[in-house]
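In this note's numbering, the protein residues as written are 25 to 119. In this text, a Cβ means the ideal position worked out from N, Cα and C, and glycines have one as well. Have a look at the structure below, then the notes.
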Ligand code: SF4
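Structure, rendered in structure tokens:
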């Protein structure tokens with residue numbers, strides 16, 4: 025599982041399944057709707073390895089386009105977590 029940390033979200037990609045994906049829709053969506061932080065690695069899987077952590081944080085727009093593109097035209101292997109401090113306690117009625 026490849027993970028990308030942006031300012032308030034964590035993107036997880038099961039890149040083992042990207043090798044047989046012909047659309048690479050996540051990379052195209054990232055270029056079209058955001059700042060194109062995703063680029064193919066040597067296996068063709070989406071990656072931000074060409075950027076430093078600081079560049080990824082600065083350029084990432086948290087637009088979620090990659091997840092939608094992968095769900096609709098890829099293999100549905102992107103999960104985005106949006107951690108919200110105190111949410112689970114709130115949902116349990118503890119706040
Ligand atoms: S669209 Fe989905 S399956 Fe295809 S390369 Fe991107 S993350 Fe992998």
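Check: What number of angstroms, rounded off, separates the C-alpha of residue 72 from the C-alpha of residue 56?
Finding: Within the chain shown, the letter at position 48 stands for residue 72. Within the chain shown, the letter at position 32 stands for residue 56. If I take the Cα positions, the gap works out to 16 Å.
Margin query: Quick check on residue 111: buried or exposed, where buried means 16 or more other Cβ atoms within 10 Å of its Cβ?
Written below: The residue you call residue 111 lines up with position 87 of the chain shown. Counting Cβ neighbours within 10 Å, residue 111 comes out exposed, since fewer than 16 surround it.
Next item on the list: Measure the C-alpha to C-alpha separation of residue 34 and residue 116 and round it to an integer number of angstroms.
Entry: The residue labelled residue 34 in the question sits at position 10 within the chain shown. The residue labelled residue 116 in the question sits at position 92 within the chain shown. Spanning the two alpha carbons is a distance of roughly 23 Å.
Next item on the list: Please confirm whether any heavy atom of ligand 1 lies closer than 8 Å to the CB of residue 66.
Entry: Counted from its first residue, the chain shown places residue 66 at position 42. For ligand 1, not one heavy atom lies less than 8 Å from the Cβ of residue 66.
Notebook entry, point to check: In chain order, what residues of the same chain lie with their CB nearer than 8 Å to the CB of residue 44, ignoring the 5 residues before and after it?
Noted result: By 1-based counting over the chain shown, the position of residue 44 is 20. Sequence-distant Cβ neighbours of residue 44 in its own chain, meaning closer than 8 Å and more than five residues away, are 99.
Margin query: Quick check: the Cα distance between residue 58 and residue 114, rounded to an integer number of angstroms?
Written below: Locating residue 58 in the chain shown gives position 34, counting from the first residue. Locating residue 114 in the chain shown gives position 90, counting from the first residue. Pairing residue 58 with residue 114, the inter-Cα distance amounts to about 32 Å.
Notebook entry, point to check: Pick from 70, 74, 95 and 83: whose alpha carbon is nearest that of residue 39?
Noted result: Translated into the one-based positions of the chain shown, residue 39 becomes position 15. Residue 70 is the option with its Cα nearest to residue 39.
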